[in-house]
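If you read the sequence shown in numbering that gives the first Met the number 0, its first letter stands for residue 0, the second for the next number, and so on.
Note that the Cβ used here is the ideal one computed from N, Cα and C, for glycine as well.
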Amino acid sequence: MEHNLFFSHFLRFLGIQVYLKGARLHRDATTSMPGWSGWEHAVNIATLADHTQYLVDVGYGGDGPILPVPLLVTTPEVRLPNLGIQELRLLYDTVPGLSCQQGQKSCRPCYAFSDLEFHPRDFEVMNFYISQSPASFLTTRVLVIQFLQREGQIYGKVVLNQDKVKVITGDKSVLVQTCATEAERVTVLRGRFDIILAGDEQEAIYGRTSALTRC
Numbered sequence: 000m001e002h003n004l005f006f007s008h009f010l011r012f013l014g015i016q017v018y019l020k021g022a023r024l025h026r027d028a029t030t031s032m033p034g035w036s037g038w039e040h041a042v043n044i045a046t047l048a049d050h051t052q053y054l055v056d057v058g059y060g061g062d063g064p065i066l067p068v069p070l071l072v073t074t075p076e077v078r079l080p081n082l083g084i085q086e087l088r089l090l091y092d093t094v095p096g097l098s099c100q101q102g103q104k105s106c107r108p109c110y111a112f113s114d115l116e117f118h119p120r121d122f123e124v125m126n127f128y129i130s131q132s133p134a135s136f137l138t139t140r141v142l143v144i145q146f147l148q149r150e151g152q153i154y155g156k157v158v159l160n161q162d163k164v165k166v167i168t169g170d171k172s173v174l175v176q177t178c179a180t181e182a183e184r185v186t187v188l189r190g191r192f193d194i195i196l197a198g199d200e201q202e203a204i205y206g207r208t209s210a211l212t213r214c
C-alpha cells in the first residue's frame, strides 16, 4: 500500500492526474484468514490528457500488474499478458465470483476495488491495522520481491518469503536457499536485493514473530 501512496506523489510530480482507491485482497484457503479482506491495499487511477484512465499498481507484489492496465468503458473485461505465463484479467463485476477458464486453469482472484475515492485519513486508518495487527501477514513475516529485467523487459522475479528464497521465471519456480538464521537472511538481503541493514536495524527484528534464530 505504501508503495502506491509514494508512487501517486511521483505521478503528480510528473503532471499526471491521479487519485487513489482502497482495495480488498483475496487470500486462498492455505492462509489463516482465507477469502476477501477488509481495506488492506491501495491502487492508483491515472488519467491522461486524452482522458483515458489506467490502473497503476506498484505495490501488490510479484503477481501484480507489471504495466499500467487500461480501464475501458467499452468493455467490462480486460485481459493482458503479465509476467511469464501469467494472464492478467480485470473484470467489472461484483464480489465474490471472479473466476474464468483458460485451458484447465482458473483465474485466481487477487484484489477488488470500487469507484470510491480514498483520502489520506482513510489510508492512515488502513496502515495502522496493516502495520500493527498480529492478524496482518506483513507483521508476521519478511517479504521482499525484486523483478528481474533484461533489455528493458521484466522476465522474472526473486522472492524472499520469510526464510525461503525463490527465483521465478516463466512457469518455473526454483528454491535457491533457505535461511536458518537472521545472519543468513541479512546476507541474502545484501547480496540479492542490495538492501544493507545497519547493526541496530538487524537487531530490531528480535522479539518479533518474523524473527529467525540468531545463530
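- The three-state reading of DSSP puts residue 207 in coil, since its state is none of H, G, I, E or B.
- Here the alpha carbons of residue 165 and residue 54 stand approximately 28 Å from one another.
- Nearest neighbour of residue 208 by Cα position, chosen from 160, 133, 186 and 163, turns out to be 133.
- Residue nearest to residue 180 within the set 63, 202, 141 and 162 is 162 (criterion: CA-CA distance).
- Taking the Cα of residue 8 as reference, the smallest distance to any Cα among 36, 32, 24 and 45 is reached at 45.
- Assigned with DSSP and collapsed to three states, residue 108 falls in coil, not helix or strand.
- The criterion of a C-beta distance shorter than 8 Å is satisfied by residue 20 and residue 41.
- Excluding the 5 residues flanking it on each side, residue 111 has same chain C-beta neighbours closer than 8 Å at 22, 23, 25, 35, 94 and 97, in chain order.
- Residue 109 and residue 176 have their C-alpha atoms spaced approximately 27 Å apart.
- A distance of 8 Å or more separates the beta carbons of residue 60 and residue 169.
- Secondary structure remark: continuous beta strand (DSSP E) runs of at least 3 residues inside the stretch 122 to 155, in chain order: 142 to 149.
- Beta-bridge pairing by DSSP links residue 53 to 45 and 69.
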